[in-house]
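Going by this note's numbering, the first residue of the sequence shown is number 472, and it counts up by one from there. Backbone N, C-alpha and C define an ideal beta-carbon position, used for all residues, glycine too. Note that the structure is predicted; figures quoted are calculated from it, not measured. What follows is a short report on a single structure.
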Amino acid sequence: MPLTDKQIKNLKPGIRPDKSETNKPYKVSDSHGLYIEVPLKGSKRWRYKFYFEGTERKLSLGTYPKISLKEARQKRDDIRKKIDAGIDPSYERRKKRLNASVSGNTYEEVAREWHARNKANWTKKYADLTLSRLEQNAFPWIGDRQIDKITAPELLTVIKRVFDRGAIETAHRIRRLSNTIFKFAIANGMTETNPAAALEGAFPTQKVKHHSAVTEPKKVAELLRAIDGYSGHFATRCALKLSALVMNRPINIRAAEWGDIDLENSVWRIHMGRMKSRRTHIIPLSRQALEILEEIRPLTGEGKYVFPCMRSKARPMSENTICAALRRMGFSGEEMSAHGFRGMASTLLHEKGYNSDWVERQLAHIDSSTRSAYNHAQHLDDRAKMLQEWADYLDELRINF
């Protein structure tokens, strides 16, 4: 019987499909020589067993789930066609690898060199994610191709594979990453053409998903009162209250560190390594924000994190905690999200006529065209005044609306 995705996902190391235990890797057949190997450690791997001129051969087709069941079968069928045409797939693959190693400058080699030269300018998370995207979506198909031999139709086929599985934004990212990699290759004399540039606009873009946010003053007042009455974990309530005041991203709220907060000078500095913008971000703390931090300090002040995980103080609050609390208070995902506190503040502050530069700076929305015009301290006094007035406004809504 051919395998199904569900069966493959349920395959466990050391436990065969018949529930018997083993201390060795085992394999499970699909059809026509295709099987999946389940090691004791690491990823499941697709293999294809075939015969060429009476001799048994095996080829690795990649790891699961990077290579899906459908893709593995397609690779198997492509190899079978070559066998039927009298071509030895094993020899062809060895020859391909030999040619690539002799001449150098394969897509994967160039991409990894570009990545190595630039990763110092990125956060570790972004650097790891960028390389992972290429490893999963590009290297398996064109990684061993000479970069100066790759054509636009060939690259299109690779990106279309990603697009067709529904990963629209990832497909666009692979196109943009490839565009940058080919520019790097051109600048370093490795190729003269950029096929990725020719693919701009080849795929429809995904509609931007905006984070849901409460922006009507009446609903904001209801949200604030709901937070005040939240009966869950105390640290979660404090994190919710602080989220409404400081306009920070959820990751910066839940991973806030006591070492970054200067209560005496009413300032919170998030250092560049933990910021999406790779720039130190300064948050002036309002009187209300300071009160929240003073309130929780006896509980968590001896540790690293202001809002530690409930199970371990060595880790920050989990990613879903704020959203789960909002749902518990009766706010649906379409109505309010953890990111929504930023949208709530931005919308209402702009409506109240505050300087857009102050608001955008407080949101850490500094693009490349304006970044050089700022230093860490610019507009700090203005932003401190704005955030204090924002906190006072929220108090008025909470009490009077």
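**Q.** Cβ pair residue 716, residue 738 closer than 9 Å
**A.** Taking 9 Å as the cut-off, the Cβ atoms of residue 716 and residue 738 do not count as close.
Q: Report, in whole angstroms, the separation of the C-beta atoms of residue 787 and residue 779, which I expect to be a contact under 8 Å.
A: For a cut-off of 8 Å, the C-beta gap from residue 787 to residue 779 is around 6 Å, short enough to register as a contact.
Q. Which same chain residues, not among the five before or five after residue 859, have their C-beta less than 7 Å away from its C-beta?
A. If we look at residue 859 and ignore the five residues flanking it on each side, its Cβ neighbours are 757 and 758.
(Q) On the DSSP bridge list, what partners appear for residue 431? (A) Nothing about residue 431 can be read from this structure; the chain reaches only from 472 to 872.
Q: Count the other CB atoms, across all protein chains shown, that sit within 10 Å of the CB of residue 814; report buried if there are 16 or more and exposed otherwise.
A: Result: buried.
Q | residue 509 and residue 483 closer than 9 Å at C-beta | A | Taking 9 Å as the cut-off, the beta carbon of residue 509 is found closer than this to the beta carbon of residue 483.
Q: Could you check if residue 712 is buried or exposed, using at least 16 other CB atoms within 10 Å of its CB as the buried criterion?
A: Per the 10 Å Cβ criterion, buried.
Q. Alpha carbon to alpha carbon, what distance is there between residue 492 and residue 521?
A. Roughly 28 Å separates the two Cα atoms.
Q) Which residues in the same chain have their Cβ closer than 6 Å to the Cβ of residue 863, if we skip the five residues on either side of it in sequence? A) Cβ neighbours of residue 863 within its own chain (closer than 6 Å, five residues either side excluded): none.
Q | Between the CA atoms of residue 512 and residue 735 - distance to the nearest angstrom | A | Going from the Cα of residue 735 to the Cα of residue 512 covers about 51 Å.
Q: Report all residues from its chain with a CB closer than 7 Å to the CB of residue 554; omit the five preceding and five following residues, and keep chain order.
A: Only 521, 523 and 560 meet the Cβ criterion.
Q. With a CB to CB cut of under 8 Å and the five nearest residues on each side skipped, what residues in its chain are close to residue 698?
A. Hits under 8 Å: 708, 711, 712, 715 and 800.
Q: May I ask you to report which of helix, strand or coil DSSP gives residue 834?
A: The answer is coil: DSSP assigns residue 834 none of H, G, I, E or B.
Q | Complete runs of the alpha helix (DSSP H) confined to the region 493 to 577 [at least 4 residues] | A | Segments of the alpha helix (DSSP H) lying fully in the region 493 to 577: 540 to 555 and 560 to 574.
Q: Assign residue 550 to buried or exposed, taking buried as 16 or more other Cβ atoms, counted over all protein chains shown, within 10 Å of its Cβ.
A: In summary, residue 550 is buried, with 16 or more beta-carbon neighbours lying within 10 Å of its beta-carbon over all protein chains present.
Q) Apart from the five residues just before and just after residue 871, which ones in its own chain have a Cβ nearer than 6 Å to its Cβ? A) Here residue 871 has no same chain residue with a Cβ atom under 6 Å from its own Cβ, once five neighbours each way along the sequence are excluded.
(Q) Suppose contacts are defined by Cβ-Cβ distances below 9 Å. Is residue 531 in contact with residue 544 by that definition? (A) The beta carbons of residue 531 and residue 544 sit no closer together than 9 Å.
Q: State the start and end residues of the unbroken alpha helix (DSSP H) segment that holds residue 705.
A: Taken as a continuous stretch (DSSP letters only), the alpha helix (DSSP H) holding residue 705 covers 705 to 717.
Q) Name the DSSP bridge partner or partners of residue 787? A) Answer is 779.
**Q.** Where residue 558 falls, given that 16 or more other Cβ within 10 Å makes a residue buried
**A.** With fewer than 16 Cβ atoms within 10 Å of its Cβ, residue 558 is classed as exposed.
Q: Run the CB neighbour count on residue 647, radius 10 Å, all protein chains shown included, and call it buried at 16 or more, exposed below.
A: So residue 647 ends up on the exposed side.
(Q) When you compare the CB positions of residue 728 and residue 775, do they come within less than 9 Å of one another, or not? (A) Yes. Within cutoff.
Q | First through last residue of the alpha helix (DSSP H) which encompasses residue 648 | A | Taken as a continuous stretch (DSSP letters only), the alpha helix (DSSP H) holding residue 648 covers 639 to 658.
Q. What is the residue span of the alpha helix (DSSP H) that residue 697 lies within?
A. Residues 688 to 699.
Q.
I'd like to know if the region 655 to 671 and the region 602 to 613 are in contact, where contact means that at least 3 CB-CB pairs between them fall below 8 Å.
A. Remark: fewer than three beta-carbon pairs, one from each stretch, lie closer than 8 Å, so the region 655 to 671 and the region 602 to 613 are not flagged as touching.
Q | Cβ-based burial, residue 809 [other Cβ within 10 Å; buried from 16] | A | Buried.
(Q) So if DSSP puts residue 617 in a beta bridge, which residue, or which two residues, is it bridged to? (A) According to DSSP, which records beta bridges pairwise, residue 617 is partnered with 577.
Q.
Pop quiz: residue 582 and residue 600 are said to be a contact at Cβ under 8 Å. What is the actual Cβ separation, rounded to whole angstroms?
A. Residue 600 and residue 582 do not touch by the CB rule: their CB atoms are close to 14 Å apart, not below 8 Å.
Q: Assign residue 765 to one of three DSSP states: helix, strand, or coil.
A: Three-state result, residue 765: helix.
Q) Hey, out of 683, 685, 625 and 632, whose CA is closest to residue 669's CA? A) Of 683, 685, 625 and 632, the residue nearest in Cα terms is 625.
**Q.** Short Cβ contact (9 Å threshold) for residue 754 with residue 719
**A.** The criterion of a C-beta distance shorter than 9 Å is satisfied by residue 754 and residue 719.
Q: Tell whether a beta-carbon distance below 9 Å holds between residue 685 and residue 807.
A: In this structure, residue 807 lies closer than 9 Å to residue 685 by Cβ.
Q) How is residue 590 classed by DSSP in three states: helix, strand or coil? A) If DSSP states are grouped into helix, strand and coil, residue 590 belongs with the helices.
Q) Around the C-beta of residue 481, are 16 or more other C-beta atoms found within 10 angstroms, so that it is buried, or is it exposed? A) With fewer than 16 other Cβ atoms within 10 Å, it is exposed.
Q. With burial defined as no fewer than 16 other Cβ atoms inside 10 Å of the residue's Cβ, what is the status of residue 597: buried or exposed?
A. Residue 597 is exposed by the Cβ-count criterion.
**Q.** Nearest-angstrom Cβ-Cβ length linking residue 666 and residue 623, presumed shorter than 8 Å
**A.** In this structure, residue 666 and residue 623 form a Cβ contact; the two beta carbons are roughly 4 Å apart against a cut-off of 8 Å.
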